[in-house]
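See structure below.
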Amino acid sequence: MDSRLSQPACQISPKGHPNYPPVILVLGLTHVDLIRLPSGTIPPTALVHFAPVDALDGEVLAELKPTTIISGLVSRGSDAFELARRLSDLKYEGQYQVLTTALPRPAMVRAEILSVAPDIDVQLLEIPVQPGA
């Protein structure tokens with residue numbers, strides 16, 4: 277198992293196999309960031325791995341076979357546009373969920389991300405702003 281990832285290795289089936297849980301790769305975020313996600317975003321059976329954004333490469337994608345990748349619109353050391361471009365270059369075919377606070381024009385932001393990664397299923401997930409933030 278790649279030492280850049282947070283969880284121990286597990287045997288992963290071919291993508292979409294009904295007897296295996298979904299695999300989620302969280303990049304540049306922490307467990308605390310995920311607490312603010314809308315209920316039901318992460319299935320209770322999901323295998324969730326955390327890694328820094330710079331750990332993303334073809335080896336990590338091949339090892340984990342994530343069905344979903346989650347990052348922030350702006351994460352530690354990267355942004356969703358750069359990450360979407362990298363995912364596209366790596367031929368990622370899963371879902372890419374981008375955490376963001378309320379945006380005035382979310383469709384425009386999504387379209388801009390899709391402009392660099394047209395083959396990726398991009399979703400913007402609005403999270404509430406924490407009081408005092």
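Residue numbering for the sequence shown follows my numbering, beginning at 277 and increasing consecutively. All residues carry an ideal CB built from backbone N, CA and C; glycine is no exception. The model shown is predicted, which means the values in this text are computed figures rather than measured ones.
Output the distance between the C-alpha atoms of Gly334 and Thr344, rounded to the nearest integer angstrom.
Across the structure, Gly334 and Thr344 are spaced so that their CA atoms are roughly 15 Å apart.
Across which residues does DSSP place Gly348 in a beta bridge pair?
Leu375
Roughly how many angstroms lie between the CA atoms of Pro382 and Ser347, to the nearest whole one?
Distance from the CA atom of Pro382 to the CA atom of Ser347, rounded to whole angstroms, is 16 Å.
Looking only at DSSP bridge pairs, what is Leu301 linked to?
His325, Ile345
Consider the C-beta atom of Glu388 and the heavy atoms of the ligand NAD; say whether any pair is separated by less than 8 Å.
No copy of the ligand NAD occurs in the structure displayed, which carries no ligand at all.
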